[in-house]
Structures are given as structure tokens and as C-alpha cells.
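The structure appears below as C-alpha cells.
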Amino acid sequence: MIELKSAQEIGRMAATGQFVGELLAELREVAAVGVNLMDLEHHARRRIKERGAESCYWDYTPSFGRGPFRNVLCLSVNDAVLHGLPHRYALRDGDLLSIDMAVGIDGWTADSALSVVVGTPAPDDLKLIEATEVALEAGIAAARPGNQLGDISAAIGEVARRYGYRVNNEFGGHGIGRTMHEAPHVPNDGRPGRGMKLKPGLTLAIEPWLCQSTDRIRYDEDGWTIRSADGSRTAHSEHTVAVTTDGPQVLTRRPRHDTRPGNRSGQSTATS
Numbered sequence: 035m036i037e038l039k040s041a042q043e044i045g046r047m048a049a050t051g052q053f054v055g056e057l058l059a060e061l062r063e064v065a066a067v068g069v070n071l072m073d074l075e076h077h078a079r080r081r082i083k084e085r086g087a088e089s090c091y092w093d094y095t096p097s098f099g100r101g102p103f104r105n106v107l108c109l110s111v112n113d114a115v116l117h118g119l120p121h122r123y124a125l126r127d128g129d130l131l132s133i134d135m136a137v138g139i140d141g142w143t144a145d146s147a148l149s150v151v152v153g154t155p156a157p158d159d160l161k162l163i164e165a166t167e168v169a170l171e172a173g174i175a176a177a178r179p180g181n182q183l184g185d186i187s188a189a190i191g192e193v194a195r196r197y198g199y200r201v202n203n204e205f206g207g208h209g210i211g212r213t214m215h216e217a218p219h220v221p222n223d224g225r226p227g228r229g230m231k232l233k234p235g236l237t238l239a240i241e242p243w244l245c246q247s248t249d250r251i252r253y254d255e256d257g258w259t260i261r262s263a264d265g266s267r268t269a270h271s272e273h274t275v276a277v278t279t280d281g282p283q284v285l286t287r288r289p290r291h292d293t294r295p296g297n298r299s300g301q302s303t304a305t306s
């Protein structure tokens with residue numbers, strides 16, 4: 035069942051989203067050469083506790099994965115793109131890091147992700163991150179009343195192909211609100227004019243993710259971490275968005291001063 039949220043409920047989601055955006059901006063500044071992934075995890079745990087929020091990831095037990103997820107962040111490095119388990123790994127110069135988090139505050143959730151290069155960026159990595167961010171902008175722009183769900187998916191897929199990447203549709207965006215994962219599923223590629231009609235009050239997590247040279251994935255033995263099948267670099271961008279009569283409203287906007295490379299979606303008019 036798809037629940038349309040009232041303006042007041044969207045406002046409560048926006049309060050959660052503001053915290054998520056601010057914390058992601060903090061984490062991208064903390065991420066640096068030599069910083070351990072567990073330092074990022076513990077930074078996030080501390081800030082979530084201070085805010086009185088609850089992680090949507092802690093004890094998450096989907097059909098995949100081995101046992102409950104016992105972290106508050108997904109930290110995916112280089113060829114890892116989704117659900118990366120935080121572990122003792124010191125970031126190296128040139129690592130491409132994706133940070134994904136979702137929390138709930140007072141019963142309302144928000145979910146967002148960003149990718150950033152630590153230290154010296156390679157042009158191909160910046161291009162890959164940019165592609166996910168431009169695709170995210172395109173998907174958000176299509177999240178308007180009267181459009182259909184396929185318009186969001188088609189907009190994301192068109193950008194990916196324009197940049198020269200293929201799309202994997204095994205994982206994508208999703209509805210969000212009282213829980214982290216609600217209906218509908220939002221594929222990262224599709225046909226325009228297809229699927230459910232978008233109505234005011236619909237809230238979605240839109241999340242393009244791409245691999246540099248494949249659309250196939252593999253799982254680590256931990257059952258969680260998803261990597262590109264060929265070992266190529268990956269990137270992931272995500273925002274929580276509300277469909278409103280005035281157009282798409284991004285609920286997980288990041289602070290304007292968040293200006294490190296790979297922050298197109300935090301700075302653009304469409305997503306800020």
C-alpha cells in the first residue's frame with residue numbers, strides 16, 4: 035500500500051532529512067586519507083545518539099545479507115557500491131567512497147547517499163560520480179504531479195547512457211516515510227509514461243548507482259557488500275524527495291557550504 039503524506043507529515047520528514055543531509059556533509063569532510071572507515075561509523079553513531087534519532091540500518095534484516103546489519107552507515111569503497119559493511123580499513127589516496135545512511139526521528143525517516151574521492155581524484159572517478167548526481171537531478175526533476183513513475187526511471191537511465199554507462203535494475207529507489215522501505219520500487223531505468231501516476235504527498239528515495247564498465251554485480255562473502263562484477267569503480271547518489279503541487283521537494287538537502295568535488299547534487303537548484 036502506498037501512503038500519501040500530508041504537508042505536515044512531509045514537514046516532519048524534512049526535519050529528519052535536514053539532519054541526514056547535515057551529517058552526510060560532516061562525514062564527507064571527515065573522510066580523508068588515513069581515516070579508518072570505523073572512525074566514520076562511530077562519528078555517525080555519536081551524532082545520531084546526540085540527535086535522539088534512530089538508525090534504520092541497525093538490525094535491518096532483508097532477504098539478502100547474513101544476519102542483521104549492525105551498523106548505522108553503509109560505507110562502500112572503490113568497486114563496492116551498495117551495502118558496504120564498515121570495517122577496519124584506512125582510506126588511501128584516490129579511494130572512491132560512497133556513504134549511505136537512513137535514520138528516523140519521531141517516527142519519520144529519510145535516506146540519502148553521496149560519493150566522494152578521498153585525496154587525489156582521477157578524472158574517470160569524477161565523471162562517474164557526476165553521472166550519478168546528474169542522473170539524480172534528472173530523476174528528481176521528473177518527480178512531479180501528473181508524471182508517471184516510469185518518467186523518473188527513464189530520466190535516470192537516459193543520463194546514465196549519455197555518460198556511457200549501463201544500468202543495473204536489481205536495486206533502485208523506493209518509497210519512504212514511516213519506514214525506510216515502502217512501496218513503490220523506483221527502477222533506475224525504464225520507459226516514460228509507464229507505471230503509477232505521481233500524486234502530491236508521494237515520498238520517494240531516488241538513488242542512481244553505476245559501475246564504470248559493467249551492469250553486473252557480485253556479493254562479498256559477508257552477504258551484504260555489493261561490488262561491480264568486473265572490479266571497476268562505482269558511485270552512488272541518493273536523496274529523499276516529496277512530490278508536491280509546487281514540484282519536487284528535496285528533503286535531504288545538504289548545507290550550501292558542502293563544496294568538495296563530487297557534490298553536484300548538494301549544490302544544484304534542483305536538489306538543494
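In my numbering, the protein residues as written are 35 to 306. Glycine is no exception: its CB is placed at the ideal position from the N, C-alpha and C atoms. Because the structure is a prediction, the values reported are computed rather than measured.
Practice task
Can you give me the Cβ contacts of N70 inside the same chain, cut-off strictly under 7 Å, excluding the 5 residues immediately before and after it?
Solution key: R122, Y123, A124
Handout entry: Cut-off 8 Å between Cβ atoms - residues of its own chain near V64, not counting five sequence neighbours on either side
Key = D73, L74, H77
Exercise for the section: Report all residues from its chain with a CB closer than 8 Å to the CB of G198; omit the five preceding and five following residues, and keep chain order. Expected result: none
Exercise for the section: Assuming I36 contacts G229 (C-beta within less than 8 Å), just tell me the rounded distance between them. Expected result: Actually they do not touch by this definition, with Cβ atoms about 12 Å apart.
Exercise for the section: Please confirm if the segment 238-245 is in contact with the segment 260-269, defined as three or more CB-CB distances below 8 Å between the two stretches. Expected result: yes
Practice task
Would you tell me roughly how many angstroms separate the C-alpha atoms of L38 and I190, rounded to the nearest one?
Solution key: 23 Å
Problem - Identity of the residue in G281, V277, R288 nearest H43 by Cα - result: A quick correction: the sequence has Glu, not His, at residue 43. Closest by alpha carbon: V277.
Practice task
Leaving out five residues on either side along the sequence, give the residues of the same chain with a beta carbon under 6 Å from the beta carbon of F103.
Solution key: Y91, Y94
Problem - Residue range of the unbroken beta strand (DSSP E) whose run includes G138 - result: 130-139
Handout entry: DSSP three-state assignment for F98, whether helix, strand or coil
Key = coil
Problem - For K161, three-class secondary structure by DSSP - result: helix
Exercise for the section: Put F205 into one of helix, strand or coil per three-state DSSP. Expected result: coil
Problem - For Q283, the three-state DSSP class (helix, strand or coil) - result: strand
Handout entry: C-alpha gap between G184 and H273, whole angstroms
Key = 18 Å
Problem - Inter-stretch contact at 8 Å, needing at least 3 Cβ pairs: the segment 129-139 / the segment 43-56 - result: yes
Exercise for the section: Say yes only if the C-beta of C245 is nearer than 8 Å to one or more non-hydrogen atoms of the ligand FMN, and no if none qualify. Expected result: Absent from the structure shown: the ligand FMN. Ligands present: none.
Practice task
Return helix, strand or coil for S146, following the three-state DSSP convention.
Solution key: strand
Exercise for the section: Find the nearest neighbour of D225 within the set E255, A176, D158, judged by alpha-carbon distance. Expected result: Rather than Asp, the amino acid found at residue 225 in this sequence is Arg. Of E255, A176, D158, the residue nearest in Cα terms is A176.
Practice task
Mind checking which residues open and close the alpha helix (DSSP H) that includes R81?
Solution key: 71-85
Problem - Range covered by the beta strand (DSSP E) that runs through E320 - result: Limits of the chain in this structure are 35 at one end and 306 at the other, which puts residue 320 out of reach.
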